[in-house]
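Q: Protein chains in written order, with the working numbering: chain A, 1 to 383; chain B, 384 to 766. Encoded as structure tokens, here's the structure I'll be asking about.
Number of protein chains: 2
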Amino acid sequence: MAVRHYTLDFILSAPADSSTTVRGLQSIFQEQEMTETVHNTEGHGYLATFIGKNGRFVVLRIHTYGLMTLDLQCYEADNLAQVDHLLNALEKKLKTVLHGNIRRVKRLPALQRGAKADRYWPTADGRLVEYDIDAVVYEEDSAYQNIKILHSHQFGNILILNGDVNLAESDLAYTQAIMGSGREQYAGKEVLILGGGDGGILCEAVKLKPKMITMAGVPRCAGLACPVPWCRLILDSGFHIDQLVIDGCRKHMRKTCGNVLDNLKGERYEVLVEDCVPVLKRFVEEGKTFDYVINDLTAVPISTAPEEDSTWEFLRLILDLSIKVLRPSGKYFTQGNCVNLTEALSQYEEQLEKLSCPVDFSKEVVCVPSYMELWVFYTIWMK
Amino acid sequence: MAVRHYTLDFILSAPADSSTTVRGLQSIFQEQEMTETVHNTEGHGYLATFIGKNGRFVVLRIHTYGLMTLDLQCYEADNLAQVDHLLNALEKKLKTVLHGNIRRVKRLPALQRGAKADRYWPTADGRLVEYDIDAVVYEEDSAYQNIKILHSHQFGNILILNGDVNLAESDLAYTQAIMGSGREQYAGKEVLILGGGDGGILCEAVKLKPKMITMAGVPRCAGLACPVPWCRLILDSGFHIDQLVIDGCRKHMRKTCGNVLDNLKGERYEVLVEDCVPVLKRFVEEGKTFDYVINDLTAVPISTAPEEDSTWEFLRLILDLSIKVLRPSGKYFTQGNCVNLTEALSQYEEQLEKLSCPVDFSKEVVCVPSYMELWVFYTIWMK
Chain A
1 MAVRHYTLDF
11 ILSAPADSST
21 TVRGLQSIFQ
31 EQEMTETVHN
41 TEGHGYLATF
51 IGKNGRFVVL
61 RIHTYGLMTL
71 DLQCYEADNL
81 AQVDHLLNAL
91 EKKLKTVLHG
101 NIRRVKRLPA
111 LQRGAKADRY
121 WPTADGRLVE
131 YDIDAVVYEE
141 DSAYQNIKIL
151 HSHQFGNILI
161 LNGDVNLAES
171 DLAYTQAIMG
181 SGREQYAGKE
191 VLILGGGDGG
201 ILCEAVKLKP
211 KMITMAGVPR
221 CAGLACPVPW
231 CRLILDSGFH
241 IDQLVIDGCR
251 KHMRKTCGNV
261 LDNLKGERYE
271 VLVEDCVPVL
281 KRFVEEGKTF
291 DYVINDLTAV
301 PISTAPEEDS
311 TWEFLRLILD
321 LSIKVLRPSG
331 KYFTQGNCVN
341 LTEALSQYEE
351 QLEKLSCPVD
361 FSKEVVCVPS
371 YMELWVFYTI
381 WMK
Chain B
384 MAVRHYTLDF
394 ILSAPADSST
404 TVRGLQSIFQ
414 EQEMTETVHN
424 TEGHGYLATF
434 IGKNGRFVVL
444 RIHTYGLMTL
454 DLQCYEADNL
464 AQVDHLLNAL
474 EKKLKTVLHG
484 NIRRVKRLPA
494 LQRGAKADRY
504 WPTADGRLVE
514 YDIDAVVYEE
524 DSAYQNIKIL
534 HSHQFGNILI
544 LNGDVNLAES
554 DLAYTQAIMG
564 SGREQYAGKE
574 VLILGGGDGG
584 ILCEAVKLKP
594 KMITMAGVPR
604 CAGLACPVPW
614 CRLILDSGFH
624 IDQLVIDGCR
634 KHMRKTCGNV
644 LDNLKGERYE
654 VLVEDCVPVL
664 KRFVEEGKTF
674 DYVINDLTAV
684 PISTAPEEDS
694 TWEFLRLILD
704 LSIKVLRPSG
714 KYFTQGNCVN
724 LTEALSQYEE
734 QLEKLSCPVD
744 FSKEVVCVPS
754 YMELWVFYTI
764 WMK
């Protein structure tokens, strides 16, 4: 059972007289049989709590400088038409009482707190956004992360790893962007995908008839003692890709991955269920090279200390190895982060200057539907 | 001066013992010199208010069925690092006290209430979404509507009419979709744009070297007595397009409209500052026809009674007249609404069957960056 939290704010031109305002609302609160408690705010305006029937309560705050906020919380199972009616009555009354002093009235869609299927997944730039989630399709805790696949009416199933929206079935734009936005010729080429456990890139790349695609996983807890008992087993067996992500996506993200995850090997591809770092090192030793390396491992870390952050270190390692397996005419594609995270993106670009082999890069800003923010993608090549 | 409203929710496996939970937090509240008031909820769990320094207060609610919600409100100008520290301390303590009983912890980005530049503009399907708004660029109340142009770091300037996000500078995808998604040949053609006061369609269409583009406005308050004194004047003068929208967009949406709004007449276009209904009627009488009619007047109304709703009536009128000025091989383009509003969209499609001239249609779902929801566009043609 969840709770609905309504907010109603009046932004005023001048401070409101709280006693007049409260007196205006009194008949409504009385009709609702709500009990008032006025709090001592020590000079910070008026604050009162009104406790009503069925677990409903209202917090009314009148700030001394011209802002009035009202919060109403009730159960999801409450009579919501009645609650709406109450809010309408309060809004109407306040509009009368504060007439001539109102700059803006703001009533937000109610927050749904404690619901079974969580609808709030903040953007990378820290904004509060609500999704039209109506069901939890898949949820597992792997050794590496919490894996959720939630159903959105408009975006289809959405893969969420550790609370980060990774990819939705609506997000072909992401896959196209990280493959070079349709400007590349994949036919007959050799391709290396790092990460990409949702199968989106693999699925789209296979359609373009490359010579061979190799895909290898991300070593999220390689070298670390995992808290989950069977993780050690996995580490020992060298099985470093997150099988639970693949399992969930194979079943529930088929608009994204098609049937490519049904088998780890196909006519034009092979999924190595191994940590990609030793795989890359092996390729370097063997002198194996690729036309395209697509790094779908992780977004650019949001951190102000790239020197100390292990994610940055990991990122540099992967970059360096990737450039080493790239043919002279080859391209390396990767995601950046939200376009608003200018500092993180600059830091990433600084890292590019520190590689053992000098590179150039271009970037592109793309709208990925389920992200609700604009996302930066990089193309990197050897100078 | 605005207020920050933080929420912290614990979704539990089993009901929590409220006295143990509250006792666990007591030292933190005491340290903060917060005064507790426990409310009588008449059997609906524990509810207490804690009033602190600087206008801070906390509302703690422990529901009898396994949900704990905590609200913390403070001033925007408060020491936010200190507030974060307090929230971290509360979260940490609660994780200890409720250990083994926690299914999910949810801490949302703080709501910013009463801020000068409003960041919350709900989607058409009623979801709460926050924008990265940092400035109010333009704000006017015209006779027809409230007009705002707000600046978003990632979307550029956003035109908001009566609280609805209309178009942002990032939204070329909208303009391209309502022009037929690049599948049409505009060169040498005659085009009629209805609405489109932001200049986006006009700007893009002009680039394609059509023979002539005619653009006419929307009669938002035609026939109605407007509350604004100078509106009557406008009605009398037959000046029914919202000049204040054009003024704002010409200045602040130049990435969208280029320079096409600088003059009402160009080599390939003419903006009729007139109500489009009499314009359409005149064209019908004169036997004037077009290759493309692009209706950018209004989204499909969200109403369950199309028979009684005047917006629907207006929509049918425009549709009927538009089809009458369409050449046999011509196409009519328009926006629908959010893909989630299936009922409203079905009703629109039913209206299409009732036109005086039989038509067919196709639709397309497009991601318009600043909308944060998927949007439906229609192409309509004569059978």
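For every residue, glycine included, the Cβ atom is placed at its ideal position computed from N, Cα and C. Please read all numbers here as calculations on a predicted model, not as lab measurements.
May I ask you to report which of helix, strand or coil DSSP gives L702 (chain B)?
A: Note: L702 (chain B) maps to helix in three-state DSSP.
Q: Could you have a look at Q730 (chain B) and say whether DSSP puts it in helix, strand or coil?
A: Q730 (chain B) falls in the helix class under three-state DSSP.
Q: Please list the terminal residues of the continuous beta strand (DSSP E) segment that includes S753 (chain B).
A: Note, S753 (chain B): premise wrong, no beta strand (DSSP E); not H, not E.
Q: Could you tell me which of B:D515, B:E736, B:L724, B:S693 sits nearest to D703 (chain B), measuring between CA atoms?
A: Nearest option by C-alpha distance: B:E736.
Q: By how many angstroms is the C-alpha of H151 (chain A) removed from the C-alpha of A2 (chain A)?
A: Roughly 18 Å between the two C-alpha positions.
Q: Can you grab the Cα-Cα spacing for the pair L408 (chain B) / T123 (chain A), in whole Å?
A: Computed Cα separation, rounded: 30 Å.
Q: Going along chain A in order, which residues have a C-beta closer than 9 Å to the C-beta of R510 (chain B)?
A: Going along chain A in sequence order, the residues near R510 (chain B) (Cβ under 9 Å) are P109, R119, V129, E130, Y131, D132.
Q: Does the beta-carbon of G631 (chain B) have 16 or more other beta-carbons within 10 angstroms, so that it is buried, or is it exposed?
A: Under this definition G631 (chain B) is a buried residue.
Q: Name, please, each residue of chain A whose Cβ falls closer than 7 Å to the Cβ of E756 (chain B).
A: The answer, in chain order, is Q154.
Q: So which residues of chain A does K489 (chain B) contact, with C-beta pairs closer than 9 Å?
A: Going along chain A in sequence order, the residues near K489 (chain B) (Cβ under 9 Å) are R113, G114, D118, Y120.
Q: Whole angstroms is fine: what's the gap from F666 (chain B)'s alpha carbon to G600 (chain B)'s?
A: The straight-line gap from Cα to Cα measures roughly 15 Å.
Q: For H446 (chain B), name the three-state secondary structure that DSSP assigns.
A: In this structure, H446 (chain B) counts as strand in the three-state DSSP scheme.
Q: How would you label R510 (chain B), buried or exposed, when you count the other beta carbons within 10 angstroms and need 16 or more for buried?
A: So R510 (chain B) ends up on the buried side.
Q: Do you know offhand how far R103 (chain A)'s Cα is from K499 (chain B)'s?
A: Near 10 Å, if we compare the C-alpha coordinates of K499 (chain B) and R103 (chain A).
Q: What residue range is occupied by the uninterrupted alpha helix (DSSP H) comprising H635 (chain B)?
A: Element bounds for H635 (chain B): 626-635.
Q: Chain A beta carbons: is any one of them nearer than 7 Å to that of T452 (chain B)?
A: For T452 (chain B), the answer is yes, since a Cβ of chain A falls inside 7 Å of its Cβ.
Q: Nearest-angstrom Cα distance between V734 (chain B) and G546 (chain B)?
A: Here residue 734 (chain B) turns out to be Gln, not Val, going by the sequence shown. Cα to Cα, Q734 (chain B) sits roughly 27 Å from G546 (chain B).
Q: Between R710 (chain B) and D625 (chain B), what straight-line distance do the alpha-carbon atoms span, to the nearest angstrom?
A: Using only the alpha carbons, I get a separation of about 29 Å.
Q: Tell me, please, whether the CB atom of V722 (chain B) is closer than 7 Å to any CB atom in chain A?
A: Cβ-Cβ to chain A under 7 Å: yes for V722 (chain B).
Q: What is the residue span of the alpha helix (DSSP H) that R406 (chain B) lies within?
A: Note, R406 (chain B): alpha helix (DSSP H), 401-414.
Q: What are the residues that DSSP puts in a beta bridge with W381 (chain A)?
A: Note: W381 (chain A) sits in a beta bridge opposite A:D360.
Q: Compute the Euclidean distance between the alpha carbons of R637 (chain B) and Q730 (chain B), then round it to the nearest angstrom.
A: Those two C-alpha atoms are separated by around 35 Å.
Q: Please go through the same chain and pick out, in chain order, the residues whose beta-carbon is closer than 6 Å to the beta-carbon of T334 (chain A), but skip the five residues on each side of it.
A: The answer, listed in chain order, is N295, Y378.
Q: Residues in the stretch 36-52 of chain A with C-beta within 9 Å of chain B's C-beta atoms, listed in sequence order?
A: Flagged, chain order: T37, H39, N40, T41, E42, G43, H44, G45, L47, T49, I51.
Q: Is it buried or exposed for Q413 (chain B), if we count other Cβ within 10 angstroms and need 16 for buried?
A: Result: exposed.
Q: Name the chain B residues that come within less than 8 Å of I11 (chain A), Cβ to Cβ?
A: Neighbours of I11 (chain A) on chain B, chain order: G497.
Q: How about T432 (chain B) and R444 (chain B): do their beta carbons lie closer than 7 Å?
A: For T432 (chain B) and R444 (chain B), no; Cβs fall outside 7 Å.
Q: For the stretch 63-89 of chain A, enumerate the residues whose C-beta is nearer than 8 Å to any C-beta of chain B, in chain order.
A: Listed in sequence order: H63, Y65, L67, T69, D71, Q73.
Q: Sorted by chain position, which residues of the same chain lie with C-beta nearer than 6 Å to G571 (chain B)'s C-beta, five sequence neighbours on each side aside?
A: The residues are K594.
Q: Please state the DSSP three-state secondary structure of S310 (chain A).
A: Helix, per DSSP.
Q: Since M417 (chain B) meets chain A, which of its residues come closer than 8 Å, beta carbon to beta carbon?
A: None at all; the shortest Cβ gap to chain A is about 11 Å.
Q: Counting only the same chain and skipping the five closest in sequence on each side, list residues whose C-beta sits under 6 Å from that of G582 (chain B).
A: Correct list, in chain order: C632, C640, V643, L644.
Q: With a CB to CB cut of under 6 Å and the five nearest residues on each side skipped, what residues in its chain are close to G238 (chain A)?
A: Note that G238 (chain A) scores 30 on pLDDT, short of 50, meaning its location in the model is unreliable and no value can be drawn from it.
Q: Given A560 (chain B), which residues of its chain have a CB within under 6 Å of its CB, disregarding the five upstream and five downstream residues?
A: V749, F760, listed in sequence order.
Q: Relative to the C-alpha of I596 (chain B), which residue among B:T424, B:L542, B:L655 is closest?
A: It is B:L655 whose Cα lies nearest to the Cα of I596 (chain B).
Q: Would M1 (chain A) count as contacting chain B if we go by Cβ distances under 7 Å?
A: Yes, its Cβ sits closer than 7 Å to a Cβ of chain B.
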